[in-house]
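This report concerns only the one structure given below.
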Amino acid sequence: MVSNNIHNKFCTKLRRKQDLLLFPNDRNTFLILFNEHNWPATIESLTYEKILPNHLPAQFSILLRSVPTHLDTSELLASIQNDYPDVINAFRISNKNKLPTTLVRLDIKNINVINDLLNKKFLYVDNIRFATTEYLAPAKVLICSKCYQVGHFRSSCKNPLDFCKFCGAGVDDLNQHKLNCDKKLNCLRCKGKHDANDMRCPIITTYRSALTKSFLTTAGVNNHPQQNQTNYWFNNNDYPVFEKNSTNHHHYSVNNIASDAGKKIEELLLKMNKIEENLNKLLDLNNNYSDQLIGLQQVVMNHTHDLHLQQIDTSFQRDFINQFVSPLCQVMVEVIPTLVKQNVLNDKTLFCSSLAGLCTKLVNDLPG
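Residue numbers (this note's numbering): 607 to 974.
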């Protein structure tokens with residue numbers, strides 16, 4: 607069998623009693639199985655159908671940073687393959703809005719090349735230096751198809767009941783329950799109005815976030831192993847012990863410096879509080895001035911409106927006098943004296959001692 611050739615570095619699992627699933631335990635074993643030339647034509651004289659993954663998993667990828675978005679990934683891949691022929695694919699990563707970013711994922715089928723590029727931290731392409739870093743695939747959350755809790759498969763589930771992904775009910779016979787289920791959405795984890803497989807469930811998103819943070823923390827430790835090393839040689843001559851007097855003097859100086867710094871900080875805080883009070887006063891004055899200015903503007907507008915109305919009234923009165931009153935008075939001063947001479951009207955009345963004299967006065971007062 608295949609395990610005899612690669613020292614049994616993979617796990618197997620039967621699916622539907624016909625398919626044999628192989629799970630490599632390390633990257634080297636995966637590369638051996640991924641290479642079609644390593645597979646025999648028959649296994650124990652039996653013909654078989656081999657189905658390989660469509661692409662390499664995330665463990666065979668690295669990231670290129672700060673790659674301009676206008677740079678075509680096909681051209682970038684061709685340039686990289688001139689120096690690294692084991693780089694087989696280049697994909698530009700998109701953000702959540704499906705827009706291209708400056709991150710490019712490289713799939714590499716050689717573990718030594720991956721380690722070499724990660725150690726160099728840079729990759730030169732056409733005299734342009736791009737930073738390289740480890741690629742961390744988005745965390746995938748395991749959801750049990752029996753109890754719909756996260757973190758395990760159905761095969762390892764210890765819950766005795768099957769749960770409905772729609773209403774969240776736990777039953778002994780799920781097929782019988784499906785016939786009577788009202789399909790009313792009720793997540794059994796968060797009690798939200800969605801089915802148990804919905805990846806937008808708050809519990810799933812929280813679990814994925816924690817899982818991703820743990821991956822990032824592990825990756826950070828692996829990328830900086832030198833920070834965890836404590837290889838040093840201690841020599842007393844390099845670090846002599848301070849004398850007591852000098853130590854006390856040092857402590858006294860440090861205390862004085864700390865005390866002076868504390869006093870200066872307190873003075874600065876007092877000054878800042880004073881400045882803040884003055885600024886608040888200026889703001890209040892400015893607000894009062896703004897209110898007064900708005901009031902004055904309103905008064906001016908009211909006066910302007912009243913003046914406009916008075917101008918209209920004055921113009922109307924002037925037109926009334928010129929077009930009606932003045933012509934009427936002109937007729938009266940011409941007709942009344944004639945009627946008085948003809949004795950049609952009495953010159954003397956109860957309201958006027960002489961109509962003729964009044965007409966003469968009106969003639970003198972009327973505008974020419």
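Ideal placement from N, C-alpha and C gives every residue a C-beta, glycine not left out.
When the Cα atoms are used, what is the spatial distance from I809 to N893? If you number the sequence shown from 1, residue 809 lands on position 203. If you number the sequence shown from 1, residue 893 lands on position 287. Those two C-alpha atoms are separated by around 50 angstroms.
Tell me, please, whether the stretch 658 to 668 touches the stretch 714 to 730 by the rule of three or more beta-carbon pairs shorter than 8 angstroms. Contact holds: three or more Cβ-Cβ distances are below 8 angstroms.
Coil, strand or helix - S896 by DSSP: What you label residue 896 is simply residue 290 of the sequence shown in a count that begins at 1. It is helical.
Tell me whether the stretch 695 to 711 and the stretch 770 to 788 touch, counting them as touching only if at least three CB pairs, one residue from each stretch, are closer than 8 angstroms. Cβ pair count under 8 angstroms is below three, so no.
Quick check on DSSP: helix, strand or coil for D971? Numbered from 1 along the sequence shown, position 365 holds the residue referred to as residue 971. In this structure, D971 counts as helix in the three-state DSSP scheme.
At 3 residues or longer, what runs of the beta strand (DSSP E) sit wholly inside the stretch 681 to 717? Unbroken beta strand (DSSP E) stretches of 3 residues or longer found wholly inside the stretch 681 to 717: 693 to 700 and 706 to 714, given in chain order.
Report the three-state DSSP secondary structure of P943 (helix, strand or coil). The sequence position of residue 943 within the sequence shown is 337, counting from 1. Helix.
Per DSSP, what kind of secondary structure is L902 in: helix, strand or coil? Locating residue 902 in the sequence shown gives position 296, where the first residue counts as 1. For L902, the three-state secondary structure derived from DSSP is helix.
Excluding sequence positions up to five away, which residues of its chain have a Cβ less than 6 angstroms from the Cβ of N792? The count along the sequence shown starts at 1 and reaches residue 792 at position 186. Its chain contains C773 and G774 as the residues whose beta carbon lies nearer than 6 angstroms to that of N792, once the 5 sequence neighbours on both sides are disregarded; these appear in chain order.
Taking Cβ positions, are V731 and I714 nearer each other than 9 angstroms? What you label residue 731 is simply residue 125 of the sequence shown in a count that begins at 1. What you label residue 714 is simply residue 108 of the sequence shown in a count that begins at 1. The Cβ atoms of V731 and I714 do not sit closer than 9 angstroms to each other.
Is there contact here, the stretch 940 to 951 with the stretch 959 to 966, by at least three beta-carbon pairs under 8 angstroms? By the Cβ test, the stretch 940 to 951 is in contact with the stretch 959 to 966, since at least three Cβ pairs between them sit closer than 8 angstroms.
Where does G774 fall in DSSP's three states? Taking the first residue of the sequence shown as 1, we reach residue 774 at position 168. Collapsing the DSSP output to three states places G774 in coil.
Taking 8 angstroms as the threshold, find out whether the stretch 739 to 749 comes into contact with the stretch 668 to 685 through three or more Cβ pairs. With the rule of 3 Cβ pairs closer than 8 angstroms, the stretch 739 to 749 counts as touching the stretch 668 to 685.
Endpoints, beta strand (DSSP E) assigned at N736: For the purposes of this step, residue 736 is identified with residue 130 of the sequence shown, where counting begins at 1. Note that residue 736 is Phe in the sequence shown here, rather than Asn. For F736, the uninterrupted beta strand (DSSP E) segment begins and ends at I734 to E740.
Using a Cβ-Cβ cutoff of less than 7 angstroms, which residues in the same chain neighbour V937 once the five nearest sequence positions on both sides are dropped? Taking the first residue of the sequence shown as 1, we reach residue 937 at position 331. Counting only Cβ-Cβ distances below 7 angstroms, and skipping sequence neighbours, we find nothing.
What does DSSP give as the partner residues of Y730 in its beta bridges? Position 124 of the sequence shown, counted from the first residue, corresponds to residue 730. Paired residues: R735.
Out of T653, I657 and N884, state which residue places its alpha-carbon closest to the alpha-carbon of L627. The sequence position of residue 627 within the sequence shown is 21, counting from 1. That would be I657, whose Cα lies nearest to the Cα of L627.
Look up V747 in the DSSP assignment and say whether it is helix, strand or coil. As a working note, residue 747 is residue 141 in the sequence shown. DSSP places V747 in coil when its eight states are reduced to three.
For K752 versus C770, is the C-beta distance shorter than 9 angstroms? Within the sequence shown, the letter at position 146 stands for residue 752. Within the sequence shown, the letter at position 164 stands for residue 770. Going by C-beta atoms, K752 is not nearer than 9 angstroms to C770.
Ignore the nearest five residues each way along the sequence and tell me which others in Y813's own chain have a CB closer than 7 angstroms to its CB. Stepping through the sequence shown from its first residue, residue 813 is reached at position 207. Within the same chain, Y813 has close Cβ partners V747 and V756.
Residues in the same chain with beta-carbon distance under 8 angstroms from K799, minus the five sequence neighbours each way, listed in chain order, please. Translated into positions along the sequence shown, residue 799 becomes position 193. Closer than 8 angstroms at the Cβ level, and outside the excluded window around K799, lie L791, N792 and C793.
Residues that DSSP places opposite I649 in a beta bridge: As a position in the sequence shown, residue 649 is number 43, starting the count at 1. Paired residues: L652.
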